[in-house]
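Asks:
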Amino acid sequence: MTATLDMTIRDIVANDFRTAAVFQRHGIDFCCKGDRSIQDACRNGRVTAEEVLKDIAEATATAATGEARFNSWDLATLVSYIVGNHHAFVRQAIPALLAHTKKVAAVHGDRHPELPQVAQLFGEVADEMTGHMAKEEQILFPYIVAVEEASRTGGGPPSAPFGTVRNPIRMMEMEHESAGDAMAHIRSLTSGYAIPGGACTTYRVCLQELEAFERDLHQHVHLENNILFPKAARLENELR
14 MTATLDMTIR DIVANDFRTA AVFQRHGIDF CCKGDRSIQD ACRNGRVTAE EVLKDIAEAT
74 ATAATGEARF NSWDLATLVS YIVGNHHAFV RQAIPALLAH TKKVAAVHGD RHPELPQVAQ
134 LFGEVADEMT GHMAKEEQIL FPYIVAVEEA SRTGGGPPSA PFGTVRNPIR MMEMEHESAG
194 DAMAHIRSLT SGYAIPGGAC TTYRVCLQEL EAFERDLHQH VHLENNILFP KAARLENELR
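Just so we're on the same page, our numbering is the position in the sequence shown counted from 1, plus 13.
(1) Can you tell me where the alpha helix (DSSP H) with V35 in it begins and where it stops?
(2) Is the region 83-94 touching the region 228-242 in the sense that three or more CB pairs, one from each, lie closer than 8 Å?
(3) Can you name, in chain order, every residue of its own chain whose Cβ lies under 7 Å from the Cβ of V132, other than the five neighbours on each side?
(4) Between E224, T166, V178, A16, which has its C-alpha nearest A74's C-alpha?
(5) Any idea which residues DSSP pairs S9 with across the strands?
(6) Are S164 and L110 touching if we call contact CB-CB under 9 Å?
(7) Can you give the Cα-Cα distance for A70 and D24, rounded to whole angstroms?
(8) Ignore the nearest five residues each way along the sequence and tell me which others in Q37's own chain have a CB closer than 8 Å to its CB.
(9) Do the region 189-209 and the region 41-58 meet, that is, are 3 or more Cβ pairs less than 8 Å apart?
(10) Can you check which of these residues, H198, A245, D19, E150, is closest to T177 by C-alpha distance?
(11) For the 8 Å Cβ check, are there 3 or more pairs between the region 151-168 and the region 218-225?
(12) Looking at the unbroken alpha helix (DSSP H) that takes in L230, where does it start and where does it end?
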């Protein structure tokens with residue numbers, strides 16, 4: 014694939030996930046706002062579209078080796094991967110991060126007044142993501158798998174209490190954007206998770222955990238917003 018100015022960021026990253034690092038380096042949201050073209054994403058003047066295209070070409074100049082080709086997976090496999098890897102990561106990371114953000118805010122908040130806000134923001138992210146993943150696993154994902162099975166066997170669309178899959182997808186995308194904005198705010202408050210001088214071990218670990226959480230969230234949201242959800246909506250539409 015050769016990226017062009019009018020291609021959506023969603024399609025570029027879905028085709029080759031190595032390009033995600035390019036967009037991330039230039040501060041371009043490839044997960045929640047992936048439906049824009051490179052041209053549109055570069056209108057803020059931070060970087061030119063031509064520079065981004067050049068970096069993408071360099072990042073994809075060699076054949077990908079060992080990279081998962083998520084865009085070629087069936088939806089049931091992709092759902093299983095998201096739950097087993099990203100949902101599992103979030104559930105494992107939340108308890109430690111809740112404890113660490115609160116402890117660091119209590120101990121270092123006097124000298125670093127942004128830390129209580131970091132703890133509050135992450136608490137909101139934890140609450141939102143916990144409910145969000147439950148809704149996906151109990152309602153949306155089973156329906157998507159059923160849609161794919163109906164498409165494969167020639168059956169009709171499965172019954173849905175929410176009308177069309179686009180309705181819960183729209184809600185999930187809004188929640189993705191909310192969590193992503195909160196993590197971006199945390200990144201800004203901590204100057205890009207920079208470890209200040211004199212930081213204790215817990216403080217250092219906490220910032221590293223927050224950075225890892227946001228990095229995982231970006232890939233997590235990308236797989237859903239840019240690959241799983243559009244394919245599910247198309248399949249459902251074909252069945253109807």
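Even glycine gets a Cβ: it sits at the ideal position worked out from N, Cα and C.
Replies: Well, looking at it:
(1) Position 22 of the sequence shown, counted from the start, is the residue given in the question as residue 35. Start and end: 32-38.
(2) yes
(3) One-based indexing of the sequence shown puts residue 132 at position 119. The sequence shown places Ala at residue 132, rather than the Val named in the question. So the list reads T114, K115, A118, once near-sequence residues are dropped.
(4) Counting from 1 along the sequence shown, the entry for residue 74 is found at position 61. Considering only alpha carbons, the answer is A16.
(5) Nothing can be reported for residue 9, as the shown portion of the chain is limited to 14 through 253.
(6) Position 151 of the sequence shown holds residue 164. Position 97 of the sequence shown holds residue 110. In this structure, L110 does not lie closer than 9 Å to S164 by Cβ.
(7) As a working note, residue 70 is residue 57 in the sequence shown. As a working note, residue 24 is residue 11 in the sequence shown. Taking the straight line from one Cα to the other gives about 15 Å.
(8) Residue numbering aside, residue 37 sits at position 24 when the sequence shown is read from its first letter. Once the five neighbours on either side are set aside, the close Cβ partners of Q37 are F43, H231.
(9) The region 41-58 and the region 189-209 touch, with three or more beta-carbon pairs separated by less than 8 Å.
(10) Indexing the sequence shown from 1 puts residue 177 at position 164. The candidate whose alpha carbon is nearest that of T177 is A245.
(11) Not touching, per the Cβ criterion.
(12) As a working note, residue 230 is residue 217 in the sequence shown. Unbroken alpha helix (DSSP H) run through L230: 214-235.
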